[in-house]
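Quick notes on the structure that follows.
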Ligand code: SF4
Ligand code: SF4
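Residue numbers (our numbering): 6 to 84.
As structure tokens, then:
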């Protein structure tokens with residue numbers, strides 16, 4: 006579910022899945038300009054402070070390289 010914020014969501018690029026596309030469709034789909042790429046030869050990363058949680062990037066990456074983790078989905082570890 007998307008509530009318009011990224012409060013409890015962490016998105017990451019899985020370097021094992023990312024093909025370092027010349028045109029990153031996930032980046033192009035991001036209206037928050039949250040994708041950062043310092044080097045064209047490397048996978049982008051996502052600046053979560055700019056992300057508002059639309060999940061568009063997850064949907065459009067053709068290789069499933071944008072992976073999401075929602076805090077609170079799992080039980081808290083003991084201790
Ligand atoms: S995140 Fe997806 S679309 Fe972007 S460079 Fe990696 S594989 Fe390509
Ligand atoms: S969820 Fe939306 S705002 Fe956040 S990085 Fe992906 S496309 Fe950008």
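The beta carbon of each residue, even a glycine, is placed where N, CA and C say it ideally should be. No experiment lies behind these values; they were computed from the predicted model shown.
Nearest residue (CA-CA) to residue 38, options 47, 53, 46 and 25: What you label residue 38 is simply residue 33 of the chain shown in a count that begins at 1. Residue 53 is the option with its Cα nearest to residue 38.
Own chain, CB closer than 6 Å to residue 72, minus 5 neighbours either side, in chain order: Here the question's residue 72 lines up with position 67 in the chain shown. Closer than 6 Å at the Cβ level, and outside the excluded window around residue 72, lie 17 and 19.
Burial state of residue 49 (16 or more Cβ within 10 Å): Within the chain shown, residue 49 is the residue found at index 44, counting from 1. Classification for residue 49: buried.
Endpoints, the beta strand (DSSP E) within which residue 71 is located: Walking along the chain shown from the start, residue 71 turns up at place 66. Taken as a continuous stretch (DSSP letters only), the beta strand (DSSP E) holding residue 71 covers 71-75.
Nearest neighbour of residue 27, chosen from 34, 63 and 45 [CA to CA]: Taking the first residue of the chain shown as position 1, residue 27 is located at position 22. When each option's Cα is compared against that of residue 27, the closest is 45.
Beta strand (DSSP E) segment containing residue 16, residue limits: The count along the chain shown starts at 1 and reaches residue 16 at position 11. 14-18 is the extent of the beta strand (DSSP E) around residue 16.
Counted within 10 angstroms of its Cβ, other Cβ atoms place residue 64 as buried (16 or more) or exposed: On the chain shown, residue 64 is found 59 positions in, with the first residue counted as 1. Residue 64 is exposed by the Cβ-count criterion.
Supposed close pair residue 23, residue 40 - CB separation, criterion 8 Å: On the chain shown, position 18 is the one that residue 23 refers to. On the chain shown, position 35 is the one that residue 40 refers to. Their Cβ separation, rounded to whole angstroms, is 11 Å, which puts residue 23 and residue 40 out of contact at 8 Å.
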